[in-house]
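**Q**
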Amino acid sequence: MSLKLSDKKLALIGAGKLGGILLRAYLKQGLFVPNRVTATVRHPERAAALAKELGISVTTDNRKAVKRADVILLTVKPQTVAEVLQEIAPEIGAKTLLVSVAASVPTSYVEQQVAAAGRGKRNDVAVVRAMPNTPAAVGCGMTAICGGAHALPEHLEIARSMFDAVGRTILLDEKHMDAVTGLSASGPAFAYIILESLAEGGVKVGLPR
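Just so we're aligned, residue 391 is where the sequence shown starts under this note's numbering, counting upward by one.
This is the structure we're talking about:
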């Protein structure tokens, strides 16, 4: 059963396609409440539009967004993880949970970057790595989750609740996460293409659409 996280302050960094899917699911299901959610985007125009649509705080300032956050969800591209962590590390609190969906980025790397950018003040940050897949867009995703060196069972439960909102979750050892990324993350999308091609072939030989 998913936890209710309405007492938690969420900062979602990088509200692109996946971030938007997760935000909408959280708000629709009441997992988080709008006045305790802050998201970030790159452009002010996008920030204004998303804030109006979802009724949450949206900013272009990552560091401002994570201040006093209970949970930080990184939905940025892998190549920007280091830059973002350097920016937000000074604001990460002692009890903050950091959840990352950056593909192929180990929890140890996130921990090291936060410790370095925070000048050693945050060398025990709780990190959870998650890898959802494309069916999450319709609430039927399967997300693999693993915890870092300082992630406790309660951190994993919070992360599971966050991704149960878009399907189901499974806990794995981190050594399996790269295999999950390669097989599961985009695998269903290739299956969709095959099925669509079969359907189009049927139409071409006379089946009604």
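Backbone N, C-alpha and C fix where the C-beta goes; we use that ideal spot for every residue, glycine too.
1. Am I right that T449 and A439 are in contact with their C-beta atoms under 8 Å? What's the rounded C-beta distance?
2. Is the Cβ-Cβ distance between A520 and V500 less than 8 Å?
3. Exposed or buried, what is F580 when buried is set at 16 or more other beta-carbons lying within 10 Å of its beta-carbon?
4. Can you give me the C-alpha to C-alpha distance between C536 and E443, rounded to a whole angstrom?
5. Quick check: what's the CA-CA separation for G531 versus A555?
6. Whether or not the segment 391-407 and the segment 458-474 are in contact is what I'm after, with contact meaning three or more pairs of Cβ atoms, one per stretch, closer than 8 Å; do they touch?
7. Can you give me the Cβ contacts of T497 inside the same chain, cut-off strictly under 6 Å, excluding the 5 residues immediately before and after it?
8. Closest to K467 by CA distance: which of R432, S447, H540 and G483 is it?
9. Let me make sure I understand the geometry here. Which of S587, Q476, T430 and S396 has the alpha-carbon closest to that of L652?
10. Could you tell me which whole beta strand (DSSP E) segments of length 3 or greater appear in the segment 461-545?
11. When DSSP labels each residue in this structure, what does I403 get in the three-state scheme?
12. To which residues of the same chain is A415 closer than 6 Å at the C-beta, ignoring the five residues directly before and after it?
13. Determine, using beta carbons only, whether A479 and G508 come nearer to each other than 8 Å.
14. Quick one: measure Cβ to Cβ for Q476 and Q503, integer angstroms, because I've assumed they're closer than 8 Å.
**A** Let me spell this out:
1. Wrong, their Cβ atoms sit about 13 Å apart, outside the cutoff.
2. no
3. exposed
4. 32 Å
5. 9 Å
6. yes
7. V517, R519 and G538
8. R432
9. Residue 652 lies beyond the range of the chain shown here (391 to 599); nothing can be said about it.
10. 461-464, 487-490, 516-521 and 531-537
11. strand
12. A555 and V556
13. yes
14. 7 Å
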